[in-house]
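Undergrad: Counting from 109, one number per residue, gives the positions in the sequence shown under the numbering used here.
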Amino acid sequence: MEQRRLGASGLRVSRLALGTMTWGRDTDADEAGAALLAFLDAGGTLVDTADVYADGEAEAILGGLFADVIPRSEVVVATKAGARREDGPFGGGASRASLLASLDASLARMGTDYVDLWQLHAWDPEVPLDETLSAVDLAVSSGRVRYAGIANYAGWQVAAAARSAGLPLVSVQSEYSLLDRSVEDEVLPAAEYHGLGLLPWAPLGRGVLTGKYRDGTPADSRGASAHLGPYVGARRTDRAARIVQAVVTAAHGLGTSPLAVALAWVRDRPGVVAPVVGARDGAQLLGSLEAEELTLPPAIRGALDDVSSSPLVPLGVVGSGDDAPAPWT
C-alpha cells in the first residue's frame with residue numbers, strides 16, 4: 109500500500125486508515141484481530157480509534173492485540189479525546205484537565221507509552237482554545253504524543269487552532285465523500301494552507317455509496333441498527349440515489365465494486381492523505397482493500413465530480429445540520 113506524508117510532517121502513513129468505531133459493540137475482539145491482520149498484510153499502517161468508541165472498549169481491544177498478536181511498532185496509532193462530556197470538577201470536553209486524564213486512560217487501555225497521532229475530537233465552545241492547545245503541547249513535550257491533529261472542526265476553527273498551536277498540528281479529520289463535499293468549501297482550503305493532511309471519515313457516505321441500500325435496508329446493515337440507523341438515514345436522499353447510480357454504473361464499466369469506486373474517488377482528491385474506513389469484519393475490509401489497485405480514469409472521475417457537485421449544507425460538527433446523532437454515541 110502506498111505511504112503518504114501526513115500534512116507537512118515527517119510522519120508517513122498508509123493511504124488507507126482502519127477505523128475502529130464498531131469495535132467492542134458490533135465487532136468483537138476476534139473479528140477486530142482478523143481485520144487488523146488483513147490490513148497490515150496489505151501494507152496498511154494507520155489505525156484510528158477514540159476514547160469514546162464503545163466507551164473505551166475499542167482502545168482496549170487494540171491494546172489486547174498489541175499484547176498478544178501484533179507488535180506495537182507495526183501500527184501508527186491515532187486516537188482522539190475531547191468528545192466525552194462528564195459531570196464532576198473537570199466537566200469533560202476539551203479542558204486541559206479532562207484531555208490529559210483522557211490521554212492517560214487511553215494509554216492504559218492500549219498498553220502503550222505513547223500515541224502516534226492524538227486528535228482533538230471536536231471543538232469545545234465552553235473551553236478557551238489556548239487552554240485546550242496547552243494540553244496538546246504538554247502531551248507532545250512529555251513524550252506521550254508524537255503528533256497532534258484535530259477532528260470535526262469548521263474551517264475557521266481549523267485556522268484558529270493551526271495559528272494558535274504552540275506545536276504544529278499535522279492533520280484534520282472531517283466527513284468527506286461523494287455525498288458530502290462540504291469540506292471543500294472551507295475546511296480543506298484551511299487545512300492545505302496550514303499544512304494539515306485531511307483524513308476523511310465516512311468516505312463511503314456512511315455506507316450508502318456501496319449500493320447496499322438501493323432496494324431497501326438489509327437486516328444486518330448499520331442502517332437497520334437502532335444506534336446507527338438515523339446516522340445512515342441522513343444520507344439516504346433523492347440526490348444520494350442519483351450519485352449512487354452513477355457510482356454503480358462506473359463500477360460496472362470498470363469491473364469492480366461501487367465501494368472501490370467511491371473510495372478511490374475520495375482517496376485521490378487533493379489534500380487527502382488517508383480515508384478512514386470502518387469494517388465490522390475482515391470480509392468487509394477486503395472490499396475496501398480492492399480500491400488500492402484502482403485508479404479512476406479521468407472521464408469517470410469527471411462524471412462523478414459533476415453528478416456530486418450539488419451543494420450540501422455543511423454539517424459543521426458531527427451531528428449538526430440533521431437529526432443524526434454522533435456515530436460514537
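Note that the Cβ used here is the ideal one computed from N, Cα and C, for glycine as well.
As the structure is a computational prediction, the values presented were derived from the model and not from experiment.
Cα separation between G274 and D136?
TA: Sequence index remark: in the sequence shown, residue 274 carries index 166 (1-based). Sequence index remark: in the sequence shown, residue 136 carries index 28 (1-based). The alpha-carbon atoms of G274 and D136 are separated by roughly 39 Å.
Undergrad: For the putative contact between G313 and D293, defined by C-beta atoms under 8 Å, what is the C-beta separation to the nearest angstrom?
TA: Reading the sequence shown from its first residue, position 205 is the one you call residue 313. Reading the sequence shown from its first residue, position 185 is the one you call residue 293. Going by Cβ atoms, the distance from G313 to D293 rounds to 18 Å, so no, they are not a contact pair.
Undergrad: So the candidates are T318, L228, A259 and L144; which of them puts its Cα closest to the Cα of D389?
TA: If you number the sequence shown from 1, residue 389 lands on position 281. When T318, L228, A259 and L144 are compared, the shortest CA-CA separation from D389 is found for L144.
Undergrad: Assuming contact is defined by CB atoms lying nearer than 8 Å, are V278 and L304 in contact in what I supplied?
TA: As a first step, residue 278 must be located in the sequence shown, where it is residue number 170. As a first step, residue 304 must be located in the sequence shown, where it is residue number 196. Cβ atoms of V278 and L304: closer than 8 Å.
Undergrad: Could you tell me the distance, in whole angstroms, from the CA atom of V183 to the CA atom of D156?
TA: For this step, residue 183 is matched to residue 75 along the sequence shown. For this step, residue 156 is matched to residue 48 along the sequence shown. Their Cα atoms are separated by approximately 10 Å.
Undergrad: On the DSSP letters alone, give me the boundaries of the beta strand (DSSP E) that P406 sits inside.
TA: Start at 1 with the first residue of the sequence shown, and residue 406 comes out as number 298. P406 -> not in any beta strand (DSSP E); alpha helix (DSSP H) instead, spanning P406 to V415.
Undergrad: Just the C-alpha distance for L394 and L362, rounded to the nearest angstrom, thanks.
TA: Start at 1 with the first residue of the sequence shown, and residue 394 comes out as number 286. Start at 1 with the first residue of the sequence shown, and residue 362 comes out as number 254. Going by the C-alpha atoms only, they are around 18 Å apart.
Undergrad: Determine the burial state of R271: buried for a count of at least 16 other Cβ atoms within 10 Å of its Cβ, exposed for fewer.
TA: Against the sequence shown, residue 271 aligns to sequence position 163. Burial call: exposed.
Undergrad: From the DSSP output, which residues share a beta bridge with G257?
TA: Start at 1 with the first residue of the sequence shown, and residue 257 comes out as number 149. Q227 and S279, per the DSSP bridge assignment.
Undergrad: How long is the line joining the alpha carbons of G151 and P406, rounded to whole angstroms?
TA: Taking the first residue of the sequence shown as position 1, residue 151 is located at position 43. Taking the first residue of the sequence shown as position 1, residue 406 is located at position 298. Rounded to the nearest angstrom, the two C-alpha atoms are 26 Å apart.
Undergrad: Quick check on the DSSP output: the alpha helix (DSSP H) that includes A138 runs from which residue to which?
TA: Taking the first residue of the sequence shown as position 1, residue 138 is located at position 30. Reading off the sequence shown, one finds Asp at residue 138, where the question assumed Ala. Where D138 is concerned, the enclosing alpha helix (DSSP H) stretches over A137 to D149.
Undergrad: Along the chain, where does the alpha helix (DSSP H) containing G394 start, and where does it finish?
TA: Looking up residue 394 in the sequence shown gives position 286. Note that residue 394 corresponds to Leu in the displayed sequence, not to Gly. Its alpha helix (DSSP H) spans residues G390 to L397.
Undergrad: Between which two residues does the beta strand (DSSP E) containing T187 stretch?
TA: Start at 1 with the first residue of the sequence shown, and residue 187 comes out as number 79. First-last of the beta strand (DSSP E) with T187: V184 to A189.
Undergrad: Would you mind stating whether F174 and T220 have Cβ atoms separated by less than 8 Å?
TA: For this step, residue 174 is matched to residue 66 along the sequence shown. For this step, residue 220 is matched to residue 112 along the sequence shown. Yes; because the gap between Cβ atoms is below 8 Å, this pair is in contact.
Undergrad: For a quick check, are the C-beta atoms of A359 and A399 less than 8 Å apart?
TA: For the purposes of this step, residue 359 is taken as residue 251 along the sequence shown, with counting starting at 1. For the purposes of this step, residue 399 is taken as residue 291 along the sequence shown, with counting starting at 1. No, they are not a contact pair.
Undergrad: Give the C-beta separation of G301 and S117 to the nearest angstrom, bearing in mind that I take them to be a contact with Cβ-Cβ under 8 Å.
TA: As a working note, residue 301 is residue 193 in the sequence shown. As a working note, residue 117 is residue 9 in the sequence shown. In the sequence on display, residue 301 carries Tyr and not Gly. Wrong, their Cβ atoms sit about 16 Å apart, outside the cutoff.
Undergrad: Going by other Cβ atoms of all chains shown within 10 Å of its Cβ, with 16 needed for buried, is T403 buried or exposed?
TA: Working through the sequence shown from its first residue, we reach residue 403 at position 295. Exposed, by the Cβ-count rule.
Undergrad: Restricting to Cα atoms, I'd like to know which of A269, S365 and T187 is closest to H229.
TA: Numbered from 1 along the sequence shown, position 121 holds the residue referred to as residue 229. Ranking A269, S365 and T187 by Cα distance to H229 puts T187 first.
Undergrad: Count the C-beta pairs between the region 239-253 and the region 201-211 that are closer than 8 Å, then say yes if the count reaches three, no if not.
TA: yes
Undergrad: Could you check where the beta strand (DSSP E) with L287 kicks off and where it finishes?
TA: In the sequence shown, the residue the question calls residue 287 occupies position 179. Where L287 is concerned, there is no enclosing beta strand (DSSP E), given that its DSSP letter is neither H nor E.
Undergrad: Along the beta strand (DSSP E) that carries G127, what are the first and last residues, could you check?
TA: In the sequence shown, residue 127 corresponds to position 19, counting from 1. Segment A125 to G127, the beta strand (DSSP E) holding G127.
Undergrad: I'd like the span of the beta strand (DSSP E) that includes W309, first residue to last.
TA: In the sequence shown, residue 309 corresponds to position 201, counting from 1. It spans G305 to W309 - the beta strand (DSSP E) in which W309 sits, taken as one unbroken run.
Undergrad: Quick one: measure Cβ to Cβ for P308 and P383, integer angstroms, because I've assumed they're closer than 8 Å.
TA: Walking along the sequence shown from the start, residue 308 turns up at place 200. Walking along the sequence shown from the start, residue 383 turns up at place 275. So it is a contact: roughly 5 Å between Cβ atoms.
Undergrad: Given that a residue counts as buried once 16 or more other Cβ atoms are within 10 Å of its Cβ, and exposed if not, what is P179?
TA: The residue you call residue 179 lines up with position 71 of the sequence shown. Exposed, since its Cβ has fewer than 16 Cβ neighbours within 10 Å.
Undergrad: Taking the continuous beta strand (DSSP E) assigned at G386, which residues delimit it?
TA: Here residue 386 corresponds to residue number 278 of the sequence shown, with the count starting at 1. Note, G386: beta strand (DSSP E), V384 to G386.
Undergrad: Inspect the beta-carbon positions of M109 and L124 and report whether they are closer than 8 Å.
TA: Here residue 109 corresponds to residue number 1 of the sequence shown, with the count starting at 1. Here residue 124 corresponds to residue number 16 of the sequence shown, with the count starting at 1. Cβ distance < 8 Å, so M109 and L124 count as in contact.
Undergrad: Could you spell out the range, first to last residue, of the beta strand (DSSP E) harbouring R112?
TA: The residue labelled residue 112 in the question sits at position 4 within the sequence shown. Here the beta strand (DSSP E) through R112 covers Q111 to R113.
Undergrad: Taking the Cβ atom as the reference point for each residue, do L207 and A189 lie within a distance shorter than 8 Å?
TA: Numbered from its first residue, the sequence shown carries residue 207 at position 99. Numbered from its first residue, the sequence shown carries residue 189 at position 81. Yes, Cβ-Cβ distance for L207 and A189 is below 8 Å.
Undergrad: How would you call P448, buried or exposed, if buried means at least 16 neighbouring beta carbons within 10 angstroms?
TA: Nothing in the structure corresponds to residue 448, since the chain is present only between 109 and 437.
Undergrad: So, are the CB atoms of A370 and A411 less than 8 Å apart?
TA: On the sequence shown, position 262 is the one that residue 370 refers to. On the sequence shown, position 303 is the one that residue 411 refers to. Going by C-beta atoms, A370 is not nearer than 8 Å to A411.
Undergrad: Under the rule that 16 or more other beta-carbon atoms within 10 Å means buried, what is D159, buried or exposed?
TA: Here the question's residue 159 lines up with position 51 in the sequence shown. Sixteen is the threshold: when 16 or more other Cβ atoms of the shown chains lie within 10 Å of the Cβ of D159, as they do, the residue is buried.
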